[in-house]
Amino acid sequence: MKKKHSTLYTVIQFSMILLFALFLRKFVLTPVEVIGISMEPTYHESDRLWQTSLVSPKRFDVATFPSPRDGKRIVKRVVGLPGDTIRMENDQLYINDKKYDEPYLDEFKETLTDGQPLTADFTLASTAAGPATVVPEGKYFVLGDNRRKADDSRYFGFVDKEDIVGVVYFRYYPLNKIGVQ
74 MKKKHSTLYT VIQFSMILLF ALFLRKFVLT PVEVIGISME PTYHESDRLW QTSLVSPKRF
134 DVATFPSPRD GKRIVKRVVG LPGDTIRMEN DQLYINDKKY DEPYLDEFKE TLTDGQPLTA
194 DFTLASTAAG PATVVPEGKY FVLGDNRRKA DDSRYFGFVD KEDIVGVVYF RYYPLNKIGV
254 Q
């Protein structure tokens, strides 16, 4: 009788460990691979990231969601939250008519030598999100950091809150850039 309880106890322990590991993998340590150059210089092609689906994205968080183009998971920066007005003027981001710095773009802007802005002027109404002038409830406006090459909300419109898979919080590859994001 004692052997039977010991085996049952071991099976229950193993099951609990397995369930906990599956929970971590699904919601806390979900791996993501960066595809393309739209998030350079922040992330590069083939960078490996961990994301969590336990938090909602905040302004300037990097989030993942299925591409409206082909359904593949993509990585973009959340710039506009529900109720926001967004515009870019002379390479300066304005949210609700307030200037916002984007320090994650400084390195990229320093390398530009053609005299053109990194980000062309736009308003919500002039993007694929138009004719909206405000980010609607349950939606986000996202931008890639490589603004000249990014396919983002300017071209495919708003991202539904339900489509956000997770928020990036850690890079684990390449090893020389490992760390909390």
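Everything in the sequence shown is counted per this note's numbering, starting at 74 for the first residue and increasing by one. A virtual CB, placed ideally from N, CA and C, is assigned to each residue, including glycine. The structure presented is a predicted model; accordingly, all values stated were derived computationally and were not measured.
- Secondary structure of glutamine 86 (DSSP, three-state): helix.
- Under the DSSP definition of a beta bridge, threonine 103 partners with Gln124.
- Secondary structure note for arginine 227: it is in no beta strand (DSSP E), and the uninterrupted alpha helix (DSSP H) holding it is 226 to 229.
- Shown here, proline 176 sits in a helix according to DSSP, grouped into three states.
- At a Cβ-Cβ threshold of 9 Å, phenylalanine 138 and aspartate 224 do not count as neighbours.
- Per DSSP, the continuous beta strand (DSSP E) segment holding glutamate 162 begins and ends at 159 to 162.
- Lysine 171 and leucine 248 have their C-alpha atoms roughly 37 Å apart.
- Excluding the 5 residues flanking it on each side, leucine 191 has same chain C-beta neighbours closer than 7 Å at Asp164, Leu178, Phe181, Lys182, Leu185, Arg220, Arg221, in chain order.
- In the DSSP annotation of this structure, the continuous segment of the beta strand (DSSP E) that includes lysine 149 starts and ends at 146 to 153.
- Cβ-Cβ distances below 8 Å link alanine 205 to Leu197, Ala198, Phe231 in the same chain, with the five nearest sequence neighbours on each side left out; the list follows chain order.
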